[in-house]
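Asker: Numbering (UniProt numbering), first residue to last: 1 to 545.
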Amino acid sequence: MLEPYVRPGIDDRPDLDKALSPEDKAAVARLAIKDRRRPPEASADQPEAQAVRLAAAGSSAAAAAAASVDAPAPDLSSAYLDMRDPMVAANGQRPTAVQISRLNWGFFVASILAGAPWAALNTIAMPNAVARLFDYDTASAISVTINPSTGRPLPVATDLVVPLAVLVVVGVVASMFAMPLVSALSDRTRIPLGRRTPWMVAGGVLCALITLILGQNIGIIVLCIFWVFLQFAYAMLSVPLTSAISERVPDKFRPRIERWHGIGVMLGQALGVCMGALGVMFNSFAPFSYTAVLFAVSGIATVLILPKEPSSAEQPNQLFDRSQVLDQLRPPAHAPEFSRVFAARTCMMAGVGLTGVFLWYLVRFWVYGKAVVLTSAPLTIPAGFLIAGMAVATLIGAALASWAAGPISERIEEKNIPVARVVAGACLLYAAGLALAWGLGVWSTGTARENGMLLFALISGFAFGVYDSLGLELVMDSLPDPRRAGHDLGIYALANSAGLALAAIIGALLVNAFEHSFGYYLLFPSAIVMVLLAGIVTLTTKSAE
1 MLEPYVRPGI DDRPDLDKAL SPEDKAAVAR LAIKDRRRPP EASADQPEAQ
51 AVRLAAAGSS AAAAAAASVD APAPDLSSAY LDMRDPMVAA NGQRPTAVQI
101 SRLNWGFFVA SILAGAPWAA LNTIAMPNAV ARLFDYDTAS AISVTINPST
151 GRPLPVATDL VVPLAVLVVV GVVASMFAMP LVSALSDRTR IPLGRRTPWM
201 VAGGVLCALI TLILGQNIGI IVLCIFWVFL QFAYAMLSVP LTSAISERVP
251 DKFRPRIERW HGIGVMLGQA LGVCMGALGV MFNSFAPFSY TAVLFAVSGI
301 ATVLILPKEP SSAEQPNQLF DRSQVLDQLR PPAHAPEFSR VFAARTCMMA
351 GVGLTGVFLW YLVRFWVYGK AVVLTSAPLT IPAGFLIAGM AVATLIGAAL
401 ASWAAGPISE RIEEKNIPVA RVVAGACLLY AAGLALAWGL GVWSTGTARE
451 NGMLLFALIS GFAFGVYDSL GLELVMDSLP DPRRAGHDLG IYALANSAGL
501 ALAAIIGALL VNAFEHSFGY YLLFPSAIVM VLLAGIVTLT TKSAE
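1) Determine the extent of the alpha helix (DSSP H) in which valine 169 is found, giving its start and end residues.
2) Whole angstroms is fine: what's the gap from valine 273's alpha carbon to valine 161's?
3) Using the C-alpha atoms, what's the distance from phenylalanine 464 back to methionine 453?
4) For a test of the three-state rule: what should DSSP assign to glutamine 216, helix, strand or coil?
5) Report yes if the C-beta distance between isoleucine 257 and asparagine 104 is below 7 Å; otherwise report no.
6) Excluding the 5 residues flanking glycine 215 on each side, which residues of the same chain have their C-beta closer than 6 Å to its C-beta?
7) Please identify the residue among Thr394, Val170, Ala296 and Glu48 whose C-alpha is closest to the C-alpha of arginine 259.
8) Cutting at 7 Å between CB atoms, please list the residues of its own chain near arginine 13, excluding the five before and the five after it.
9) Within 10 angstroms of the Cβ of aspartate 87, are there 16 or more other Cβ atoms? Answer buried if so, exposed if not.
10) Please confirm if the region 512-527 is in contact with the region 405-424, defined as three or more CB-CB distances below 8 Å between the two stretches.
11) With DSSP as the reference, label serine 21 as helix, strand or coil.
12) Please report the distance separating the alpha-carbon of proline 250 from that of leucine 306.
13) Taking the alpha-carbon positions, what's the isoleucine 300 to valine 109 distance?
14) Could you check where the alpha helix (DSSP H) with tyrosine 467 kicks off and where it finishes?
15) Start and end of the alpha helix (DSSP H) containing histidine 261?
16) Jot down the residue ranges of each uninterrupted alpha helix (DSSP H) in the region 275-317, minimum 4 residues, whole runs only, in chain order.
17) Give every residue of the same chain whose Cβ lies closer than 6 Å to the Cβ of residue 546, excluding the five residues on either side of it in the sequence, and list them in chain order.
18) Roughly how many whole angstroms lie between the Cα atoms of glutamate 410 and alanine 404?
19) Closest by CA to phenylalanine 338, which one among Ile221, Leu472 and Arg248?
20) Reducing DSSP to helix, strand and coil, say where glycine 194 ends up.
21) Measuring straight from C-alpha to C-alpha, what distance separates aspartate 17 and glutamate 309?
22) Would you mind sorting aspartate 488 into buried or exposed? The rule is 16 or more other CB atoms within 10 Å of its CB.
23) Below 8 Å on the Cβ atoms is my contact criterion, and I expect glutamine 269 with glycine 171 to pass it. Report the Cβ-Cβ distance as a whole number of Å.
24) Can you give me the Cβ contacts of leucine 164 inside the same chain, cut-off strictly under 8 Å, excluding the 5 residues immediately before and after it?
25) Excluding sequence positions up to five away, which residues of its chain have a Cβ less than 7 Å from the Cβ of glycine 194?
26) For my contact list, leucine 294 and alanine 116 are in at a C-beta cut-off of 8 Å; report their separation, rounded to the angstrom.
27) Apart from the five residues just before and just after alanine 527, which ones in its own chain have a Cβ nearer than 7 Å to its Cβ?
28) Work out the CA separation of glutamine 318 and alanine 42 for me, nearest whole Å.
29) Taking Cβ positions, are serine 183 and tryptophan 199 nearer each other than 7 Å?
30) Once you ignore the five residues that flank valine 205 on each side, which residues in its own chain have a CB closer than 6 Å to its CB?
31) Just the C-alpha distance for proline 153 and phenylalanine 365, rounded to the nearest angstrom, thanks.
Structure representation (C-alpha cells):
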C-alpha cells in the first residue's frame, strides 16, 4: 500500500506543544520578544479633551468653542508638529468623508441630549424638589405677609437656601472625584466594543434610573445620596464623550467639530432650562420624567450616530492606581500666574452661581413673591415663562458673543491692547447687568421687574461669552509647562466647581442671616462684588501690563 507523500520540513515537523518539555518551553519564552507596546495617552493628559470639557461646562462657556478666536491648547502630540498625517485620528483610524459627517452630527446631537437634561435638573427640577420637601407647593400661590412697620411684604421661602446649598456642595464634591475616577477607568477598558462606548451607554441608562428616583418624595438626606450617585452616572456619560472627541477626530477636522459641539452645548443648555421651566408649571414630577427619557436616549443615540469605535481588547493592560486619580486634583506647583487666573475664574463663577444656583427661587419667590396674593392661581406659570425667556435671552447673548469674539480679538491685536483689560471689562459689563436686574427688582413693580431679569440674562450671556472666549488666551499663556497642558487645563476646569460651591455657601449664609429683612435681595449685590473681584484679579496678571 502506498504511503502518503510527506513533505520535508512541512509535514514532518513535530508538535512543539507535545515535543518540548516545560523546561524547554520556559527557555524559549525567555528568548521571545516582549510586547512593549505603549498604552494610549490618558484622557486626563489630552489638552484637547480638557478644552472640550471646558466648553461643555455651560452655554456661555460653549461660546468660546463656537467663537473664531485662535487660542488652541498647546497640544504637543498634534499631527501638525511632526510628519504624521492630519487626516488620521489619534486612535489610528482614517475616517472617510461619510464618517467625518457622522462624527460631526454625532457629537453635536450628543451635546444636546446630554446637556439639556443636566441643565433642567440643576436649574429647575432639583431646586423645586427641595421646595416640595419643605411643603412649598410651588404650583400654588403662596400668601405673603405684610410687615406692619414698613408696609412691605416680608421675604418668603428663605428657609430653602440652606438645604439647596448643601445639595449643591455635596454634588460638587462628588463630581470632583467622579470625573477623574471615570476618566482613569474608561482609559483601562479593554473590550471589543471600545473604551468609551460601554461607558456612554451605561451612563445614560443609569442617569435615567437615578433621575426617576430623585423625582419621588424622599427626604433631604436620601436626596443628597442619590444626587451623589447621579454625579458618578453623569460622569460616565460626559467624560468618555469629551475624550472621544480628542481621540476619534483627526486634527484636520477638529476645529469644525469642536465648534459644532459648542453650538450644541449652547442649544442644549437653553432647551434644558426651557424644558424644566415649562414642565414644572403644573406637575413637579414632569421635569424628572423628561430628563430621564433624554438621559436614556443620549448614550444610545450617540453610539448609533457615531461610527463604530475600534476594539480596545488588544491595548496593553494597565493596573489601576489611585494616585492617578488624585494627581488630576493636584494643582501645578510654582505657577503664580496660573493661580491668579484660577482665582479670577473661581470668583467669576461664584458671581455667576449666586444667581444661577438660586434662579428658580429668585424668580418664583422674589420676582413673583413680593405682592400680596389673594388668589390660588399657580404662579409657577409666569415664573416658568420668565425663566424660559431668560434662557432664550442668555442663548442670544452667548451667540452674539461668539460672533463678536473674533473681530474683538483682531481689534485688540491691532491696537495692542492687553487682553486682560478687555476680560476685566467683560466682568464690569456682567456686574452692570446684575445691577440693572437688582435695581429694577427692588424699586420697580409689575412688568419692569420681569424686563429687568430678561435684560440681565441677555447682558450676562454676552458678557460671560466674551469673558470665556477672550479669557481662554489668558489661560493658555498662564500654563507653566506646555508638556502638562492637559493636566493643568483639567485643574483650571475645577474652578467652575469651586466657584459653584462658593456661591452656594455665600448665598445660603447671606439669605439665612438676613431672612427676616432682606431675604433674596442680597444675592445680587454679593454677585456684583464677586464679579468685580474677578475683574480686579484679572488685572493683576502679567497680560494686563
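Don't be surprised by glycine CBs; every beta carbon is placed ideally from N, CA and C.
Answerer: If we stick to the structure as given:
1) 161-187
2) 20 Å
3) Rounded to whole angstroms, methionine 453 to phenylalanine 464 spans 16 Å at the Cα level.
4) coil
5) yes
6) Phe285 and Phe288
7) Ranking Thr394, Val170, Ala296 and Glu48 by CA distance to the CA of arginine 259 puts Glu48 first.
8) none
9) Inspection of the sequence shows that residue 87 is occupied by methionine rather than by aspartate. Its Cβ having fewer than 16 others within 10 Å, methionine 87 is exposed.
10) no
11) coil
12) 14 Å
13) 11 Å
14) 447-478
15) 254-279
16) Qualifying alpha helix (DSSP H) stretches, in chain order: 286-305.
17) No answer is possible for residue 546: it lies beyond the span of the chain, which begins at 1 and ends at 545.
18) 10 Å
19) Leu472
20) Note: glycine 194 maps to coil in three-state DSSP.
21) 37 Å
22) buried
23) Not quite, the Cβ-Cβ distance comes to about 17 Å (not below 8 Å), so this is no contact.
24) Met126, Pro127, Val130, Val357, Phe358, Tyr361, Ala504 and Ala508
25) Glu309, Pro310, Ser311 and Ser312
26) 6 Å
27) Gly351, Leu354, Thr355 and Leu434
28) 11 Å
29) No. Outside cutoff.
30) Ala296
31) Low confidence applies to proline 153: its pLDDT is 48, below 50, so where it sits in the model is not reliable, and the reading given next is rough at best. So the two alpha carbons sit approximately 11 Å from each other.
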